[in-house]
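Number of protein chains: 2
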Amino acid sequence: MSWSKISDAVIRRLPLYLRVLDESSADQVELISSQELGYRIGVGSALVRKDLAWFGEFGKQGVGYEVDFLRHELRKILNLDQELNIALVGVGSLGVALGRYHLKRFAEDEEFNLRLVALFDNDPRKIGTSVEGVQVYDLTRLTELVPSLNIKMAIITVPAENAQIVAEQLVKSGIKGILNFAPTKIVVPEDVHVSSADLTLEMQRLAYYLPE
Amino acid sequence: MSWSKISDAVIRRLPLYLRVLDESSADQVELISSQELGYRIGVGSALVRKDLAWFGEFGKQGVGYEVDFLRHELRKILNLDQELNIALVGVGSLGVALGRYHLKRFAEDEEFNLRLVALFDNDPRKIGTSVEGVQVYDLTRLTELVPSLNIKMAIITVPAENAQIVAEQLVKSGIKGILNFAPTKIVVPEDVHVSSADLTLEMQRLAYYLPE
DNA sequence: TAGATTGTTAATCGATTAACAATC
DNA sequence: TAGATTGTTAATCGATTAACAATC
């Protein structure tokens, strides 16, 4: 699906709506109003209706939204209705921890379609080992394995000084979505989307609000 | 320092400016223009000048900003000019990995003032052990130890189902800044600031942009 | 039907950008 | 001085909110 002009602010809220719908569905709730949905993620009801209206008419006037229907529509919009293969580059302690966490989630939740299928590192001691059954491959095999394993997104957990070069290799392999845990900005073509998870930056931001 | 009315969008950019200034300082660069600063973090020069102007007049017309001076001013504004103690709650593999990562950074960088001083868990097998010399304490001692160890911020790496209760204990202890890695929304009073680092949410967002 | 809630338009709010006088 | 760049004001842009007709 492609609607292209929709703003990033809207897209950011879709996974939040989806999480509320997952919870409601698990609780056997069948209908939900824009008011309830907005309250649960912390925005107004008008914004919820406007966000959803970008993609179609999903509600019934006077009634609200059918939870399971809207949930499936959102999953389709977010490309989460099919398995989606992911690679992780940088098998340090953070990489292993995130990998385990992710694999656990995948194993426990039938409908969680984000599947970690490969780990990459350049350390010969790590190459050939595995984490919860997922192989650690030589980083030099990235451009070969990304297409052949049908990998669509990647997580970067290498040291800051290697993040840019890894990002470039990922881009060359055809990856369009990168979650970057390295504490540095990575520069990519504009059709590649990067989400930055920089712990330090967030802590520094929070420090601003401390009293005194 | 307190300017209170300054928007969150501005505050989010301050650590980015600071990182550029750190790099420039390390490279012996003495002056930097709003143009260069903006280019490096990906915003326009007018926005850089406007952001900084909220806090004072730091530049010289026709010249630019003195790197070391502006760097120290930003550190003061962000409360990063003094040591700031941090606790981490939830000593699972993610908690340990983040803790190690953080402690390494603290050990290597003289001026990195975010100091991890305590870990908390409710698992008797973990309590009393340590990670890189930092003790794991019983979670029940949180409200006692936060004030006595002068802890100002906290990182939550417990399972989603325990995040809210942990957040409430942190708030009760007087914590005003929380970095939450649990994949759930935590509700706190409005004088407490939360930064959410939800891996899954970010991956789901990136999936939207995949082709087809 | 009467009450409730959607989808959508218009109004408002806030953030970014453009422009330029001041001045180093 | 001439050139460069700041701090700041006004203009623009984009996102959120308010309001309400449509309708279940």
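Going down the list, the protein sequences come from chains C and R. The numbering used here applies: residue 1 is where the first sequence begins, and numbers increase by one. The numbering used here applies: residue 1001 is where the second sequence begins, and numbers increase by one. In this text, a Cβ means the ideal position worked out from N, Cα and C, and glycines have one as well.
For N85/C, no Cβ of chain R is located within less than 8 Å of the residue's own Cβ. F120/C: not part of any alpha helix (DSSP H); member of the beta strand (DSSP E) spanning L114 to D121, first to last residue. Closest by C-alpha distance to Y1039/R, out of K185/C, R205/C, L78/C and I156/C, is K185/C. Taking a 10 Å sphere around the C-beta of S1148/R, we find fewer than 16 other C-beta atoms and assign the residue as exposed. Across the structure, I1011/R and I1077/R are spaced so that their CA atoms are roughly 10 Å apart. Between K50/C and chain R, the shortest Cβ-Cβ separation is not below 8 Å. One finds S93 and A97 in chain C with Cβ atoms closer than 8 Å to the Cβ of V1096/R, taken in chain order. Per the Cβ contact rule, the stretch 1064-1073 of chain R is in contact with the stretch 1030-1049 of chain R (3 or more Cβ pairs under 8 Å). Residue contact with chain R for L206/C: present (Cβ-Cβ distance below 8 Å to some residue of chain R).
Listed along the chain, the chain C residues whose CB falls inside 9 Å of the CB of N1162/R amount to none; the nearest CB is some 15 Å away.
Counting only the Cα atoms, F58/C lies some 7 Å from L52/C.
If you look at Q135/C, you'll find it in the beta strand (DSSP E) that goes V134 to D138. Using a Cβ-Cβ cut-off of 8 Å, N1150/R is close to nothing in chain C; its nearest Cβ partner there is about 12 Å away. In the three-state reduction of the DSSP assignment, Y1065/R falls in the strand class. Under DSSP, M1153/R takes part in a beta bridge, and its partners are I1086/R and G1177/R. For V192/C, no beta strand (DSSP E) run applies, since DSSP gives it neither H nor E. CA-CA distance, Y137/C to T129/C, rounds to 8 Å.
For G1038/R, the uninterrupted alpha helix (DSSP H) run begins and ends at S1034 to I1041, by DSSP. Taking C-alpha positions only, I1151/R is separated from G1090/R by approximately 16 Å. The beta carbon of E202/C sits closer than 8 Å to some beta carbon of chain R. For D8/C and Q1204/R, the gap between their C-alpha atoms comes out near 13 Å.
For Q1028/R, no alpha helix (DSSP H) encloses it, and the DSSP letter there is neither H nor E. At a cut-off of 8 Å, the C-beta of G1177/R has a neighbouring C-beta in chain C.
Contact annotation, L84/C with L114/C: C-beta distance approximately 6 Å; criterion of less than 8 Å satisfied. Where L1094/R is concerned, the enclosing alpha helix (DSSP H) starts and stops at S1093 to E1108. If you ignore the 5 residues before and after V1117/R, its C-beta comes within less than 6 Å of the C-beta of N1085 and L1149, all in its own chain and listed in chain order. Taking a C-beta distance under 8 Å as the contact criterion, I1155/R and L1206/R do not qualify as a contact pair. In terms of beta-carbon proximity, R100/C lines the interface with chain R, with at least one pair separated by less than 8 Å. For K1050/R, the enclosing alpha helix (DSSP H) has its first and last residue at S1045 to A1053. For L37/C and V48/C, the gap between their C-alpha atoms comes out near 7 Å. When DSSP states are grouped into helix, strand and coil, V131/C belongs to the strand group. In this structure the stretch 180-195 of chain C touches the stretch 160-168 of chain C; the number of beta carbon pairs closer than 8 Å is three or more. By the rule that beta-carbons nearer than 8 Å mark a contact, R115/C does not touch chain R. For R205/C, the enclosing alpha helix (DSSP H) covers residues L199 to Y208.
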